[in-house]
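Visitor: Just passing along the structure, written as C-alpha cells.
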Amino acid sequence: PNIVPISWLLQQQPPLSNKVTLDIITPMRLINNGKPLFRMSYNVFFAALQRRINQLAIAHGGIELDSDEELNTLAATIECCDKLLHWQDWRRLEQGHKGQGIGGLTGMFTLSGDALADIWWILELGALLHVGKGGSYGFGRFRLLQNA
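As C-alpha cells, this is what we get:
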C-alpha cells in the first residue's frame, strides 16, 4: 500500500473555527503524581497531548520536537468552557481478592479563542493518535466537532 505522510492527512482536515468541541469517545486517563486525574483542565490536557506527540515522534521518527514557547503561550490563551466530563470505568482487572477499575474521563468540552487556528494541528494529531495513559490501546480517543 501507498504510505501517506501525516502532513497530507492534516492538510485534508477542515480548518478550525475559533470554537471547537472535543468529544472524548473512549476514557481518557491523565496521570499526575502516579494517580489518575478525576478532573481535567485544558492546560493538563494540552501538555499531555504535546508529550504524546513528542514521544511518538521520537519512537517512530527518531526526532525530538523542540518545546515551543510561542506555541505554549498561544495555547494558554485558549478558553475552556462547557465541560461535561465524567469518569467512566470500562472494566475491572482482577488481582487476587482486589479488583482494579480501568477507566477515565469521557464527555465533551469546548475550546474557544483566536489562537485555535495556530494550534489546530496539535489537536488534529491528538485526534488521530489519542492521548493519556493507554492511548496505544485505544484509550483517550477524541474527535473534534466544529461549532457554528
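Residue numbers for the sequence shown follow this note's numbering, beginning at 1004 and rising by one. Think of the CB as a built atom: it goes at the ideal place given N, C-alpha and C, for glycine as much as any other residue. Computed from a predicted structure; not experimentally measured.
#1: Mark residue 1079 as exposed unless 16 or more other C-beta atoms lie within 10 angstroms of its C-beta, in which case mark it buried.
#2: Take residue 1022 as the anchor and find which of 1123, 1011 and 1088 has the nearest alpha-carbon.
#3: Do you know how far the Cα of residue 1075 is from the Cα of residue 1046?
#4: Closest by CA to residue 1149, which one among 1119, 1036 and 1007?
#5: With C-beta atoms as the reference, is residue 1145 less than 8 Å away from residue 1026?
#6: Which residues in the same chain have their Cβ closer than 6 Å to the Cβ of residue 1039, if we skip the five residues on either side of it in sequence?
#7: Please list the terminal residues of the continuous beta strand (DSSP E) segment that includes residue 1145.
#8: Let me know the secondary structure DSSP gives residue 1115 once reduced to three states.
#9: Considering only DSSP beta bridges, list what residue 1035 is partnered with.
#10: Have a look at 1084, 1125, 1055 and 1089 and flag the residue whose alpha-carbon is nearest the alpha-carbon of residue 1012.
#11: Out of 1048, 1130, 1112 and 1037, point me to the one whose CA is closest to residue 1085's CA.
#12: Do residue 1109 and residue 1133 come within 8 Å of each other at the CB atom, strictly closer than that value?
#13: DSSP three-state label for residue 1076, please.
#14: Can residue 1107 and residue 1091 be called in contact, C-beta distance under 8 Å?
Guide: Looking at the coordinates:
#1: Numbered from its first residue, the sequence shown carries residue 1079 at position 76. Exposed, since its Cβ has fewer than 16 Cβ neighbours within 10 Å.
#2: Residue numbering aside, residue 1022 sits at position 19 when the sequence shown is read from its first letter. The shortest C-alpha separation from residue 1022 is found at 1123.
#3: Numbered from its first residue, the sequence shown carries residue 1046 at position 43. Numbered from its first residue, the sequence shown carries residue 1075 at position 72. Each residue's Cα considered, the two are about 9 Å apart.
#4: One-based indexing of the sequence shown puts residue 1149 at position 146. Here the closest residue by C-alpha is 1119.
#5: Reading the sequence shown from its first residue, position 142 is the one you call residue 1145. Reading the sequence shown from its first residue, position 23 is the one you call residue 1026. Their beta carbons are under 8 Å apart, which means residue 1145 touches residue 1026 by this criterion.
#6: Within the sequence shown, residue 1039 is the residue found at index 36, counting from 1. 1032.
#7: Working through the sequence shown from its first residue, we reach residue 1145 at position 142. From DSSP, the beta strand (DSSP E) with residue 1145 extends over 1145–1149.
#8: Against the sequence shown, residue 1115 aligns to sequence position 112. Here residue 1115 sits in strand by DSSP.
#9: In the sequence shown, counting from the first residue as 1, residue 1035 sits at position 32. Beta-bridge pairing links residue 1035 to 1038.
#10: Taking the first residue of the sequence shown as 1, we reach residue 1012 at position 9. Residue 1012 has its Cα closest to that of 1125, out of 1084, 1125, 1055 and 1089.
#11: Taking the first residue of the sequence shown as 1, we reach residue 1085 at position 82. Of 1048, 1130, 1112 and 1037, the residue nearest in Cα terms is 1112.
#12: Locating residue 1133 in the sequence shown gives position 130, where the first residue counts as 1. Locating residue 1109 in the sequence shown gives position 106, where the first residue counts as 1. In this structure, residue 1109 does not lie closer than 8 Å to residue 1133 by Cβ.
#13: For the purposes of this step, residue 1076 is taken as the residue at position 73 of the sequence shown. If DSSP states are grouped into helix, strand and coil, residue 1076 belongs with the helices.
#14: Position 104 of the sequence shown, counting from 1, holds the residue named residue 1107. Position 88 of the sequence shown, counting from 1, holds the residue named residue 1091. Yes, Cβ-Cβ distance for residue 1107 and residue 1091 is below 8 Å.
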